[in-house]
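Asker: Pasting in a structure now, in structure tokens, and then I'll have a few things to ask.
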Amino acid sequence: MADDKNKNNRKWNVNLNNENPDNRKRTAYYLLMALSVLMFLNYFALPSYLNRSVEEVTYSTFLNQVSTGDVSEVKLEENQITFVATDDAGDKQVYITGLIDDPTLVTRLEEADVTFSKEIPTEASPILSILVSWVLPLLLFWGLGSLLGKQMAKRMGGGAGGALSFGKSNAKVYVKADDAKTFKDVAGQDEAKEALSEVVDYLHQPKKYQDIGAKNPKGILLVGPPGTGKTLLARAVAGEADVPFFSISGSEFVEMFVGRGAAKVRDLFKEANEKAPCIVFIDEIDTIGKKRDNGSFGGGNDEREQTLNQLLAEMDGFEANKGIILLAATNRPESLDAALLRPGRFDRRVPVELPDLAGREAILKVHATNYKMDPSINYNTIARATSGASGAELANIINEGGLRAVREGRNAVTQSDLEESVETVIAGYQRKNAVISPKEKEIVSYHEIGHALVAAKQTDSAPVHKITIIPRTSGALGYTMQIEEGEKSLMTKQELFNKIVTLAGGRAAEEIVFGSITTGASNDIEQMTKMARAMITRYGMSDTFDMMQIETQTNKYLGGDTSMNVSAGMAEQVDREVLDIIKLAHEKAIAILNENREKLHELSHHLLIEETITGAEFMKILEA
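See below:
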């Protein structure tokens, strides 16, 4: 049974650009033409060419040349005499003449001192003759033709997506291998794995579901931000189910010529139908699945719409119980056509969201298995410092830690390596050779301590983890890192306001100490404004507007662009409320720093000397 499965696996590992009937016909025509050429060469061209180099003479001429001593070599054959003689120009020439019963010929040849011999007749092997005359030339022609055909196909784009592969899906086909992905390789997405495990169980035991009348979902849509593991989940489902896995990107269906995308969809489902049960995965399906235009003149993109219509038709065309599962991934679900999302096509939507604290810790541990890690590493600390990070970003943090360990000459990744890699991902690499004047360095020191001091003196504020004034490649001259002690899913109005106050602490410290302001607070101002506006327009934290939605968010998983749907007068009122929040936060930050002016100076001088201090050092000086 296992041998049969291995044989099937070898059959599954194919490219969809295999020979089709048209190609086989083309090959037959080519071989027929080669056979015709060989016949012409064997029966006409070669004999004519060979005869052109041999001159035929009479027997009397042959005797005269023998008597004059011009003949040097004679070969007596069964039906003719072949001899070599000197012509009028003094060159050697091959002649032939007819064989006559002449008893004196041998005597004459001996008297003229001519070398002569007689051919011993042998019967040639017919098999050998056929091999030499027909089979070997045909093989030679076929080999040269195949080589030239491949070269032409490459030049003309006959590979994936080329001019000679019209209508081919170019989908990659994967089979179960030693490095196949399973659910063990996916961490931090327990809910998604639970939803997809039902698909795996159905592919293993379809009868259990068929007996009760239940049908497996035809299509499952994976939605979530980039880097959360949607493609990895699809690969894991295929690995768990041990079935062929067709993978193709939605962009590969988009073609310049109308009809090619639809032809690729047909070819993809044809191949999937032949290899059922199997899984078909379309990544970035929003490329071809966008909402269709509503009656606009000119009709939008005809090619894309034809491709979408063909996809809808194919999804309606196969039975749910046949074992073909369609998985698709997108980070723009709101842009998909309603016909694509209805039950019977994509029956189930599985969210693949950013991982929580436990999920981030599990992801870090999964990726760490491929590296040599120090046993004392606290993954929980790293997970708390990476709130909002995706699985791909966490994998990058582990890799950056490995690279740093090598640079530092260590044979294992340590806690400090991972903490530094977190900062690298957030703020960029350290600019160790950056030239900053002592005055600017002092301003940066007061600025960062302003943030930290305001955060420490407020309730419901995340503890300070690290403060540094070492410049980063992102442009930051320093930063203050705060890490929540636990996972937060909700934030109160007071917590959001405290965040804004903390952001205002840097500028407030500059004003108090130096009596002037700099451009260093530009990023703080951006975040303050964005946060204050969200409180008014999206979170309903305004007494004036109550729970009215003023701002609409689009592209939730791709940056979250917003747009306001209000009158000009109301927009002006929103701006006034945002300004009031920012002013109030600014005043509170100044008041906190004035109350702790001595600690502000002490901590800033300490940071100026050390350049980097931990949260524990900061709190020790603050509470002293």
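The C-terminal residue of the sequence shown carries number 619 in the numbering used here, and the numbering is unbroken. Even glycine gets a Cβ: it sits at the ideal position worked out from N, Cα and C. If you're wondering where the values come from, they're calculated on a predicted model, not measured in any experiment.
1) Give me the Cα-Cα distance between Gly256 and Ser192, rounded to the nearest whole angstrom.
2) In the DSSP output, what is Ile277 paired with across the bridge?
3) What does DSSP give as the partner residue(s) for Thr99 in the beta ladder?
4) Starting from Arg287, follow the alpha helix (DSSP H) in both directions and report where the run begins and ends.
5) Determine contact between the region 256 to 265 and the region 218 to 228, defined as no fewer than three beta-carbon pairs at a distance below 8 Å.
6) For the beta strand (DSSP E) that contains Ala447, what are its first and last residues?
7) Quick check on Tyr385: buried or exposed, where buried means 16 or more other Cβ atoms within 10 Å of its Cβ?
8) Between Ser432, Ala586, Ala457 and Ile431, which has its C-alpha nearest Ala504's C-alpha?
9) Grab the span of the beta strand (DSSP E) containing Asp575 for me, first residue to last.
10) Quick one: measure Cβ to Cβ for Gly515 and His442, integer angstroms, because I've assumed they're closer than 8 Å.
11) If I follow the unbroken beta strand (DSSP E) through Asp556, where does it start and stop?
12) List the whole-angstrom C-beta distance separating Phe241 from Leu263, where the pair is believed to meet the contact cut-off of C-beta under 8 Å.
13) My understanding is that Leu598 touches Phe613, with C-beta atoms under 8 Å, so please give their C-beta distance in whole angstroms.
14) Taking just the CA atoms, how far does Ile122 sit from Val130?
15) Taking 8 Å as the threshold, find out whether the region 562 to 577 comes into contact with the region 527 to 537 through three or more Cβ pairs.
16) Report the three-state DSSP secondary structure of Leu389 (helix, strand or coil).
17) For Asp541, list the residues DSSP reports as bridge partners.
18) Please classify Pro458: does DSSP put it in a helix, a strand, or coil?
19) If I measure Cβ to Cβ from His460 and keep anything under 8 Å in the same chain, skipping five residues before and after, which residues do I get?
20) Which whole-angstrom value is the C-beta distance of Arg343 and Ile507, which I expect to be below 8 Å?
21) Given a cut-off of 7 Å on the beta-carbon distance, is the pair Ala378 and Arg355 in contact?
22) Let's see if you can read the secondary structure: which residues bound the alpha helix (DSSP H) around Lys265?
23) Buried or exposed, going by whether 16 or more other CB atoms sit within 10 Å of the CB of Val181?
24) How many angstroms separate the CA atom of Asn550 from the CA atom of Ser484?
25) Within its chain, find whatever has a CB closer than 8 Å to the CB of Lys615; leave out the 5 residues flanking it on each side and keep chain order.
26) Can you give me the C-alpha to C-alpha distance between Val52 and Leu134, rounded to a whole angstrom?
27) Below 8 Å, how does it come out for the region 359 to 369 and the region 405 to 415: are there three or more Cβ pairs, yes or no?
28) Have a look at the DSSP bridge pairing and note the partners of Ile608.
29) Compute the Euclidean distance between the alpha carbons of Val420 and Ile392, then round it to the nearest angstrom.
30) Taking the CB atoms as reference points, tell me whether Asp332 and Gly284 lie closer together than 7 Å.
31) Ile243: which of Leu359, Glu279 and Gly183 sits nearest, CA to CA?
32) How about Val345 and Ala187: do their beta carbons lie closer than 7 Å?
33) Thinking C-beta only, is Ser67 closer than 7 Å to Val79?
34) Do Lys225 and Ala324 have their beta-carbon atoms positioned less than 7 Å apart in this structure?
Answerer: So, to answer that:
1) 32 Å
2) Ile243 and Ala323
3) Per DSSP, none; premise fails for Thr99.
4) Element bounds for Arg287: n/a, residue is neither H nor E.
5) no
6) Taken as a continuous stretch (DSSP letters only), Ala447 belongs to no beta strand (DSSP E), being part of the alpha helix (DSSP H) at Pro433 to Ala451.
7) According to the sequence shown, residue 385 is Ser rather than Tyr. By the 10 Å Cβ count, Ser385 comes out buried.
8) Ala586
9) Run containing Asp575: none in the beta strand (DSSP E); it sits in the alpha helix (DSSP H), Ala563 to Glu590.
10) 6 Å
11) Asp556 to Met559
12) 7 Å
13) 7 Å
14) 10 Å
15) yes
16) helix
17) Ser537
18) coil
19) Ala380, Met476, Gln477, Ile478, Thr609 and Gly610
20) The pair is not a contact, with the Cβ atoms about 57 Å apart (cut-off 8 Å).
21) yes
22) Arg255 to Glu269
23) buried
24) 20 Å
25) none
26) 40 Å
27) yes
28) Ile462
29) 7 Å
30) yes
31) Glu279
32) yes
33) yes
34) yes
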